[in-house]
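Residue numbers (my numbering): 308 to 486.
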């Protein structure tokens, strides 16, 4: 019986070993299942993140295109405004030049000796303004010109009444030195 007892003991030992191995296999299967579940969850998250990244990339490209279009439109508007401002500056410069030339012409006409006393000249109009008593101040009234007075006497008399504090220091004919 010794042999049979030994065989039974070996068999029981094998059964215990097999049961232990089955428990280990089952626990490994559970661990693998847990790992598989974690992997599946991770893969799902990766897919969702990839989808979100693709959407963000598409939105970014769309926004970039819209931005580029807006920038192009704004650049075109800026160029148009710059042209408009340039044209306005040119017009203003032309007007300023024209006004400057007109002023120079009028100064040249004023400083040049007057040959005709027509009512169209500036000098005759300003003189006539003071001769007209209804438009002139009372102090200018005593400067009315008689037919015997010369043009220079009339101007000198007019200066005395218009600017009584400012008198010519010299009687020279040089007009530039007295002003």
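Where is the CB? At the ideal position from N, CA and C, for every residue including glycine.
What's the gap between the Cα of residue 375 and the Cα of residue 352?
-> Numbered from its first residue, the chain shown carries residue 375 at position 68. Numbered from its first residue, the chain shown carries residue 352 at position 45. Straight-line Cα distance between these residues: approximately 34 Å.
What's the gap between the Cα of residue 319 and the Cα of residue 327?
-> As a first step, residue 319 must be located in the chain shown, where it is residue number 12. As a first step, residue 327 must be located in the chain shown, where it is residue number 20. Distance between the alpha carbons of residue 319 and residue 327 is about 12 Å.
Pairwise C-alpha distance: residue 349 and residue 359 = Residue 359 sits at position 52 when you count from the first residue of the chain shown. Residue 349 sits at position 42 when you count from the first residue of the chain shown. Cα to Cα, residue 359 sits roughly 15 Å from residue 349.
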